[in-house]
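Spelled out as structure tokens, the structure:
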């Protein structure tokens, strides 16, 4: 009996080890932007599956990186969706009643794995509607100097009474900031020198819904991120890593 029990335990451990690589891949869904929820963004990660939901009788669009060219697009059920490629964009619309399938996209820069779903909506203003999904690429944040504003390398902290330093942080230490404060208009987030890429920042509302927020990277100090507003809660995401930032000064009011 003891040998049988040991064999069963060994098989359970073996199956757990075998299944670990399959659990590593995550489903990533698009996040609504602050201005219009029908315009959404997704942060690219090579080990994630991206969920896209199309809506019957409405055109959707997937927007890739600038200069990205589609090399091959393959679908599990190619008759379930209307697909049209145009530059770095894919126009996509469900046409079959049961349109759930998968899509593999290979470009000159990356490989994407999609899970495609189709739903009905009441009207064009439905909050679930998606017009456009734009991919964000963390590795571009430091190199895209054309969108950066020239700032001083350090914020003048000679008058600390003008700043709020009362922040708490929780989450993945590898992308966690080392210093964060605000001046009432902007939030300043400093990262470690060893950070290979900047995370993307989102504002988190009371329902824990995340929306993309405008931010800049200092041209003088590549480890300084300036968020163009002050919020109660922020989330910082890079791949599967996430950090939550809490403005305790606002939370205590």
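In UniProt numbering, the protein residues as written are 1 to 253. Where a beta carbon is used, it is the ideal one built from N, C-alpha and C, also for glycine. On a predicted model such as this, the values are computed, not experimentally measured, just so you know.
Across the set 60, 226 and 122, the C-alpha of 60 shows the shortest separation from the C-alpha of residue 38.
Assigned with DSSP and collapsed to three states, residue 247 falls in strand. Of all alpha-carbon atoms in 202, 91, 114 and 100, the one lying nearest the alpha-carbon of residue 47 is that of 114.
Excluding sequence positions up to five before and after residue 189, its CB lies within less than 7 Å of the CB of 177, 180, 225 and 227, all in the same chain and listed in chain order. For residue 98, DSSP records no beta bridge to any residue. Counted as a single uninterrupted DSSP element, the beta strand (DSSP E) harbouring residue 118 occupies residues 111 to 119. No Cβ-Cβ contact shorter than 7 Å links residue 198 with residue 135. The straight-line gap separating the alpha-carbon atoms of residue 33 and residue 213 is approximately 8 Å. The stretch 120 to 130 and the stretch 84 to 101 do not touch, with fewer than three beta-carbon pairs separated by less than 8 Å.
Its chain contains 242, 243 and 244 as the residues whose beta carbon lies nearer than 6 Å to that of residue 171, once the 5 sequence neighbours on both sides are disregarded; these appear in chain order.
If you check the CB distance, residue 233 and residue 201 do not come in under 7 Å. A check of alpha carbon separations from residue 57 across 69, 94 and 45 identifies 94 as the nearest. Sequence-distant Cβ neighbours of residue 118 in its own chain, meaning closer than 6 Å and more than five residues away, are 54, 94 and 99. No residue range can be given for residue 38, since it is assigned to no beta strand (DSSP E) and is classified by DSSP as neither H nor E. In the three-state reduction of the DSSP assignment, residue 178 falls in the coil class.
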